[in-house]
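In this note's numbering, the protein residues as written are 87 to 258.
Ideal Cβ positions, reconstructed from N, Cα and C, are used throughout, including at glycine.
Since the model is a prediction, treat every value here as computed from it, not as a measurement.
The block underneath contains the structure these notes are about, expressed in structure tokens.
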């Protein structure tokens, strides 16, 4: 209803939420996709997903959406793991799966913030690069007040600030 009301006021670009692992309150994927379809039918122009760590889940979600006639961009939400314990707790509340391989990457780093940040940036960069290989071109980063991690991810995937390149600094 909100999307339709906004569209009636003006020709806005309207981004809506999408859930590759389905919304935690949704009974099933079909209901979830139907909800996204209603948002699109009311004028949504882009969907941004909840964060996820399994790119196959995102790919299957996009395939479901396309089969349902949803052709707006579905932008993957990427969350660099700034604090594994917090992210794992938050993930359990919002229905996002934390794969065992991800837990293993952060195991033993609770008291080593520097190594944790390096691993967080590397994991997020690997995820983005895999999605790029699958044809994804746009991303939404959940920074959680840790822009430094996203800056590192962008650097690792080849996106550089022109100001940083010119001055040789990381603060752009």
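Tell me the DSSP bridge mates of residue i?
{"i": "residue 133", "result": "102, 160"}
Using the Cβ count rule (16 or more neighbours within 10 Å means buried), how would you classify residue i?
{"i": "residue 163", "result": "buried"}
{"i": "residue 240", "result": "buried"}
{"i": "residue 186", "result": "exposed"}
{"i": "residue 157", "result": "exposed"}
{"i": "residue 207", "result": "buried"}
{"i": "residue 173", "result": "buried"}
{"i": "residue 111", "result": "exposed"}
{"i": "residue 118", "result": "buried"}
{"i": "residue 246", "result": "exposed"}
{"i": "residue 233", "result": "exposed"}
On the DSSP letters alone, give me the boundaries of the alpha helix (DSSP H) that residue i sits inside.
{"i": "residue 229", "result": "Neither: residue 229 is in no alpha helix (DSSP H) and is coded neither H nor E."}
{"i": "residue 125", "result": "115-127"}
{"i": "residue 139", "result": "That residue, residue 139, is in no alpha helix (DSSP H); it is neither H nor E in DSSP."}
{"i": "residue 216", "result": "199-219"}
{"i": "residue 188", "result": "186-192"}
{"i": "residue 93", "result": "88-95"}
{"i": "residue 173", "result": "170-180"}
Excluding sequence positions up to five away, which residues of its chain have a Cβ less than 8 Å from the Cβ of residue i?
{"i": "residue 226", "result": "134, 135, 161, 162, 163, 164"}
{"i": "residue 145", "result": "220"}
{"i": "residue 243", "result": "211, 214, 215, 218"}
{"i": "residue 183", "result": "107, 138, 139, 140, 143, 177"}
Going by C-alpha to C-alpha distance, which of the options sits closest to residue i?
{"i": "residue 200", "options": "235, 147, 116", "result": "235"}
{"i": "residue 230", "options": "103, 119, 170", "result": "170"}
{"i": "residue 188", "options": "209, 194, 112, 147", "result": "209"}
{"i": "residue 138", "options": "190, 89, 105", "result": "105"}
{"i": "residue 126", "options": "216, 90, 115, 150", "result": "90"}
{"i": "residue 141", "options": "123, 155, 116, 107", "result": "107"}
{"i": "residue 178", "options": "109, 154, 121", "result": "109"}
{"i": "residue 153", "options": "197, 120, 176, 114", "result": "120"}
{"i": "residue 93", "options": "128, 155, 175", "result": "128"}
Excluding the five sequence neighbours on either side, which residues of its own chain have a C-beta within less than 7 Å of the C-beta of residue i, listed in chain order?
{"i": "residue 192", "result": "167, 170, 202, 205"}
{"i": "residue 115", "result": "108, 150"}
{"i": "residue 98", "result": "92"}
Between which residues of its own chain and residue i is the CB-CB distance below 6 Å, once the five residues before and five after are set aside?
{"i": "residue 148", "result": "160"}
{"i": "residue 102", "result": "125, 130, 133"}
{"i": "residue 224", "result": "161"}
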